[in-house]
Every structure is written in C-alpha cells, then in structure tokens.
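Structure first, commentary second.
In the numbering used here, the protein residues as written are 6 to 378.
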C-alpha cells in the first residue's frame, strides 16, 4: 500500500529538524510552507499586516514581504539558505516574517504544523488568558496560525524553563490559550539523552490534535552511543548515517579534524577556569553525555558550560579542542548527508537553535499510531 504523503508546515523553521526527522523515518511528505527570518529583525508599522493580508494571492504577499526585507536590511538569511539547500521546498514556499504570514491562505491544507517560538517576556500580557492577551509575543503568532490554518496536528517546542517563567504565569497563560484553540493537547518535558542523542537537552513539547485521540507522549530508552562516538575522530565524515528504520548507525573508522579546533594556550587557560565563588563552574571535558549545545558555542565558553574533548583523554595543554560544527549537528540528530553550506559561526548558531531530530522522530512515530491522517 502506498504511504500517504503528509502535508507539513513549519514556523521558526530553523534548519528543518522536523523535516529531517521525516526524512530519517522515510515518511513521504510535502512542505506546504516554512518560515524563519534568520534572526533579521526589521521594523515596520503594524498597519502593514492588514495591508499584506489584503493582497490578492499568496505569491503577491510573498513578493511584497521579500521586497520589504530587501529594503530594510542587507543581512543575509543564512537559515533560509541552509533550509532550501537541504529540503525540497520551493523558494516561494519559504516566508521571511511570521507576523506577515496569513494562515488563512493554507486553511485545511496542513496535516502537521510545527513551531517553537523564542521565550519572550509575557510581563505585559493580561490575566484573561485569551489569544488576544498574547498579542505582541511570538507565541501569539504561533497560536494565531494554528487557529487560522486548522492543521490536523500541531507540535510546539520551547525551553523547559517556560514552565517556571514569571513564577509560572507564562505557562498558565499559554495553556489557557491552547485550551481556547479547542485542540486536544498533551505536553511533557523530553530530554534528548532519553531518545538516542548523548546530549543533556530538556525541552517542553506540546502536541495538539484537532480530533479525539488516544495519544500519549513517547517514553525514552537507554543510550546506545556516547558523545565520543559522535566525534569525527571516532566516526569519519560521511559515516554518521541512519538505517531503514531511521536509527543512527555509526562506523568505528576514525577521521581527522583541522588543527584550528585545538585550543591555544591562552584559550585553554580561560576555558579551564572554574569561575568565581558566586558563579562556580566545574571544568570538565570528555563527557559521556554532552552539555546542551549552545548557539554561541563558537565563542568558546568555559568547560563548565561548553563541550570540549581531547583525543588522548587527558586535559593536557595542546590536546584539548572544541567540537566541530559537524559534531554539533550530529549531536542534534542531523546525519552526515545534511550539508553544511554556511560559515563555521553560522553553523554553530544553526545547530544550537535547532530542535533535536531524534526527539521529534519519537513524537512523530507516536502521532502516526493515531488514525488522524
């Protein structure tokens, strides 16, 4: 029996962790649209939103926003470059601005809608908990699009501290807004190391269904690989793959890395510091499970915050190095057939901003058990 092609759409799309999860699971899909401004924030009058919505077609709206961004900033959308290079999405299917994206254009066309808005302050949000109370936040835009698009399923992701933000008031508002969308939703904090990736990365996931369902969030399993096995010096470039079931398959063939990743004496001295008495950080390298991959890891934080390794398993000067950008992508679940086409700095940023592919795979597999498509 031919598999159904899933119609998918994402906002805050990043480098397409959800799309890569579908690829690894061999699930046929069509990208209806993606949206990410590549951290290029521009200013415009809010009245422009209604002006864009009044345009005749999706292509007209897309072209208007493209010209708007070209006139407002010279910065390159490196996220868009990476996304379009690695995923089957037409250029006019990638949108630059979530606020100017009209979900009504895609109503009823999307099976799964995915996004994870930045955790902005909700200090100005009212107490009624309705969708309008969240206006001005990027979470509002995600919820608005769910309401307009009416996907069969949505997945929302954010940092685990969203639970405690503003003494719990932010999460209370968010759940009340989800209630108002009239979706049956489930939420839980999931850790990457429980789903095959040796990285401590806890994120809250919300999965909502338009119709009744028996869904439950996925449960974890013991790690098969440790962080060292994810290194290019343990598994050469091109040998970090997945099998027919989507599971990771790594070789034991060591590769080589450029010496530029090895810390200089000055950097070594800095990263091995433990901090101050008010902010103590125990410097550790060669961890079995990586610390959370940061979008700023290229800045070389201290070894109590960032991840460093040495090939001789010591902390001797001259042997300690930072992770490569490829290793950062591996620790987010991107197999080596994902092509990194941006600078080292941008690559670290894009990996750190992403969602872990393997966690999404576990969620997708649970969703696919439901008869909703």
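Beta carbons are placed, not taken as given, at the ideal position from N, Cα and C, and that holds for glycine. It should be emphasised that the depicted structure is a prediction, and the values quoted were computed from it without experimental measurement.
Is any beta-carbon of chain C found at less than 8 angstroms from that of residue i?
i, result
"residue 81", "The structure shown contains no chain C; it holds only a single protein chain."
Distance check for residue j and residue i, CA to CA, integer angstroms please.
i, j, result
"residue 130", "residue 171", "Residue confidence is low: residue 130 scores 48 on pLDDT, short of 50, so the model does not pin down where it sits. Its coordinate-derived value is still stated next. Their Cα atoms are separated by approximately 11 angstroms."
"residue 290", "residue 308", "7 angstroms"
"residue 6", "residue 280", "Residue confidence for residue 6 is low, a pLDDT of 48 falling below 50, so the modelled location carries little weight and cannot support an answer."
"residue 261", "residue 241", "7 angstroms"
"residue 9", "residue 105", "31 angstroms"
"residue 159", "residue 218", "13 angstroms"
"residue 54", "residue 32", "35 angstroms"
"residue 364", "residue 337", "9 angstroms"
"residue 115", "residue 60", "22 angstroms"
"residue 196", "residue 56", "42 angstroms"
"residue 97", "residue 89", "10 angstroms"
"residue 203", "residue 253", "12 angstroms"
"residue 35", "residue 249", "20 angstroms"
"residue 266", "residue 273", "12 angstroms"
"residue 341", "residue 181", "41 angstroms"
"residue 128", "residue 149", "In this predicted model, residue 128 has a pLDDT of only 46, less than 50, meaning its place in the structure is not dependable enough to derive any value."
"residue 346", "residue 87", "6 angstroms"
"residue 154", "residue 146", "12 angstroms"
"residue 245", "residue 256", "7 angstroms"
"residue 228", "residue 362", "15 angstroms"
"residue 99", "residue 118", "14 angstroms"
Among the options, which residue has its Cα nearest to the Cα of residue i?
i, options, result
"residue 278", "259, 301, 265, 305", "305"
"residue 144", "162, 155, 157, 191", "162"
"residue 152", "218, 201, 213, 354", "213"
"residue 167", "123, 295, 40", "123"
"residue 64", "92, 38, 199", "38"
"residue 375", "44, 76, 220", "220"
"residue 20", "32, 43, 9", "43"
"residue 303", "350, 324, 339, 313", "350"
"residue 102", "165, 328, 298, 45", "45"
"residue 120", "107, 93, 41, 82", "41"
"residue 409", "378, 367, 377", "There is no way to answer for residue 409, as the model of the chain reaches only from 6 to 378."
"residue 259", "316, 267, 378, 340", "316"
"residue 295", "243, 78, 341, 233", "233"
"residue 230", "200, 250, 78, 209", "200"
"residue 377", "215, 118, 239", "215"
"residue 186", "311, 165, 156, 208", "156"
"residue 284", "270, 310, 50, 86", "310"
"residue 313", "191, 275, 210", "275"
"residue 292", "80, 341, 76, 327", "327"
"residue 81", "288, 62, 47, 370", "47"
"residue 85", "51, 111, 17", "17"
"residue 324", "269, 373, 371", "269"
Terminal residues of the continuous beta strand (DSSP E) containing residue i?
i, result
"residue 307", "Looking at the DSSP string, residue 307 is not in any beta strand (DSSP E), and its letter there is neither H nor E."
"residue 74", "No beta strand (DSSP E) contains residue 74, which is instead part of the alpha helix (DSSP H) from 63-77."
"residue 11", "11-16"
"residue 119", "117-120"
"residue 37", "34-40"
Between which two residues does the alpha helix (DSSP H) holding residue i run?
i, result
"residue 294", "Residue 294 -> no alpha helix (DSSP H), and no H or E assigned at all."
"residue 369", "362-373"
"residue 104", "No alpha helix (DSSP H) contains residue 104, which DSSP labels as neither H nor E."
"residue 49", "It is not in any alpha helix (DSSP H) - residue 49 carries neither H nor E in the DSSP assignment."
"residue 150", "143-154"
"residue 86", "83-91"
"residue 23", "22-29"
**OP:** Would you mind listing the alpha helix (DSSP H) stretches within the stretch 322-352 that are 4+ residues and don't spill past its ends, in chain order?
**Re:** Whole alpha helix (DSSP H) segments, 4+ residues: 330-335.
**OP:** Pair every Cβ in the stretch 9-16 with every Cβ in the stretch 66-86, then say whether three or more of these pairs are closer than 8 angstroms.
**Re:** No, the stretch 9-16 does not touch the stretch 66-86.
**OP:** Run through the stretch 212-299 for me and flag every whole alpha helix (DSSP H) of 4 or more residues, listed as ranges in chain order.
**Re:** DSSP runs (the alpha helix (DSSP H)) wholly in the stretch 212-299: 270-276.
Original post:
Counting Cβ pairs, one atom from each stretch, are 3 or more of them under 8 angstroms apart for the stretch 215-228 and the stretch 172-179?
Top reply: By the Cβ rule, the stretch 215-228 does not count as touching the stretch 172-179, because fewer than three pairs are nearer than 8 angstroms.
**OP:** Please determine if the stretch 351-366 and the stretch 327-339 are in contact, where contact requires at least 3 C-beta pairs separated by less than 8 angstroms.
**Re:** Segments in contact, yes.
**OP:** Would you list, in sequence order, the uninterrupted alpha helix (DSSP H) runs of no fewer than 4 residues that lie entirely inside the stretch 163-195?
**Re:** Complete alpha helix (DSSP H) runs here, min 4: 174-185.
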